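Take the position in the sequence shown, starting the count at 1, then add 21; the result is the number in my numbering. Okay, so here's the structure we're looking at.
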Amino acid sequence: MQPTVIIIAGPTAVGKTAFAIEVAKHFHTEIISADSRQCYREMRIGVARPSEKELAEVKHHFIASHSVAEDLNAGSFEKYALSAAETIFQHHPVAVMVGGTGLYIKAFCEGIDPMPEVPDAVRRDVIRGYEQKGLIWLQKELQTKDPAFWAVAEKQNPQRLMRALEVFNATGRSILVFRTAKKAERPFRVIKIGLDLPKEQLHERIHKRVDQMMQEGLLEEVRSLMSYRSHNALQTVGYRELFEHLDGNCSLEEAVNHIKTNTRHYAKRQLTWFRKDQAFQWFEPSADAVQQVLALVKG
């Protein structure tokens, strides 16, 4: 079989991890995580890292592999994941990639343009501005400074907006200047599988997951990370809202409700991203769907 990467993507809480493990076990292979937050050792509960049991079932790459103090991005992931895939292919013809970070998956499949170095002070200023003044401030900054990017931006995605603003503040040029849209060629076949559920069912799963995270100690996890809160890794749903609570700006109940709302919005953005890629074939997660995917891979 030609070396093949099966990519399993979709919105948060849809059931990607369990699905990917079943597929990987069938091929006796390993999994590369394409999640931009599960790679951080200090973040476990709030990023829904796979359980110890799940990690024991199948070897995973890019899980708890880095510290929140490290500045990772799609370019970092591209290098890491290509190296991991090459290692897997030495022993297995198939590798499985699973996650919901669309830009990381795109970087792995197509390559990504190198971005300029951004000084830590510039990054901290942008993060501080967003934390203190919110999304509307971030949107207005880009609308004024970088209208070309703003015209095509994911306007509700603070991570993408902060990245574009810090590049502009560091270089005086639009992030679009550094994009060439040239796709890299990869020495393996890619099969893209998307998982989705009816909206009401997905929202119910999101709400249950947030409640479970709180029961497992998410508040204590966030409290333990207060000293790292200015790092990019912590500009994340589930952490930002609880930092606000710990700052005394909202009650715990309000913070939890904000996590649920923002997670639903994040799931919608993930679906919008993946639906734009016509190469994805879509399934509802189930045992039958796993069998369909296996048949698809075997051709």
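Built from N, CA and C at the ideal position, the CB exists for glycine as well. Please read these numbers as outputs of a predicted model, since none were measured by experiment.
Is residue i near the ligand FMN, with its Cβ less than 8 Å from a heavy atom?
i	result
F83	As presented, the structure is devoid of all ligands, the ligand FMN included, so that no description of it is given.
Return the chain-ordered list of same chain residues with a C-beta closer than 6 Å to the C-beta of residue i, the five sequence neighbours on each side being excluded.
i	result
N190	V143
E262	A276, H279 and I280
M22	P114
A300	K213
Give the single residue among the options whose Cα lies nearest to the Cα of residue i.
i	options	result
H266	E152, K229 and Q111	E152
T108	E51, K161, A254 and V211	E51
D208	R184, L93 and G132	A small correction: the amino acid at residue 208 is Pro; Asp does not occupy that position in the sequence shown. Minimum Cα distance to P208 is reached at G132.
N283	F301, T257 and G269	T257
K154	C130, K127 and M183	M183
A95	H286, E305 and A254	A254
E138	I126, A106 and G193	G193
T165	L186, I214 and Q180	L186
A205	A174, G121 and P135	P135
M118	K37, N270, P32 and M234	K37
L246	F264, M234 and Q236	F264
E274	S307, D232 and D217	D232
G215	S307, F48 and D92	S307
Just curious, the alpha helix (DSSP H) that residue i is in, first and last residue?
i	result
G123	G123 to E131
A205	Careful: A205 lies outside any alpha helix (DSSP H) and carries neither H nor E.
M234	K220 to E237
A102	A95 to F110
M183	P179 to T192
A45	K37 to F48
E259	The amino acid occupying residue 259 in the given sequence is Gly; Glu does not appear at that position. Looking at the DSSP string, G259 is not in any alpha helix (DSSP H), and its letter there is neither H nor E.
I148	D141 to K166
K176	Note, K176: premise wrong, no alpha helix (DSSP H); not H, not E.
Q312	A308 to K319
E91	Counting along the chain, E91 falls outside any alpha helix (DSSP H), and DSSP gives it neither H nor E.
A77	E73 to E78
Can you list, in chain order, the residues of its chain with a C-beta nearer than 7 Å to that of residue i? Leave out the 5 residues immediately preceding and following it.
i	result
A69	R230
Q59	V68, R70 and I84
N178	R290
L197	A169 and F170
H286	Q177
To which residues of the same chain is residue i closer than 8 Å at the C-beta, ignoring the five residues directly before and after it?
i	result
K80	E51 and I52
L55	As written in the sequence, residue 55 is Ala, which differs from the Leu given in the question. Closer than 8 Å at Cβ, skipping near neighbours: I28, A30, F83, F98, A102, M118, V119, G120, G121, T122, Y125, I126 and F129.
Just curious, the beta strand (DSSP E) that residue i is in, first and last residue?
i	result
L216	R210 to L216
M22	Counting along the chain, M22 falls outside any beta strand (DSSP E), and DSSP gives it neither H nor E.
G120	V115 to G120
I52	I52 to S54
**Message:** Quick check: the stretch 57-70 against the stretch 239-254, are at least 3 beta-carbon pairs closer than 8 Å?
**Reply:** Enough Cβ pairs lie closer than 8 Å, so yes.
**Contained beta strand (DSSP E) runs [length at least 3] in the stretch 261-301, N- to C-terminal order** = For the stretch 261-301, not a single whole beta strand (DSSP E) run of length 3 or above is found.
**Asked** Are three or more beta carbon pairs between the stretch 33-50 and the stretch 310-320 nearer than 8 Å?
**Response** Yes: at least three Cβ pairs fall under 8 Å.
**Request:** Assess, as a yes-or-no matter, whether the stretch 69-78 is touched by the stretch 90-100 under the definition of 3 or more beta carbon pairs within less than 8 Å.
**Result:** The stretch 90-100 is not in contact with the stretch 69-78.
**Request:** Determine contact between the stretch 26-37 and the stretch 122-130, defined as no fewer than three beta-carbon pairs at a distance below 8 Å.
**Result:** The stretch 26-37 vs the stretch 122-130: in contact.
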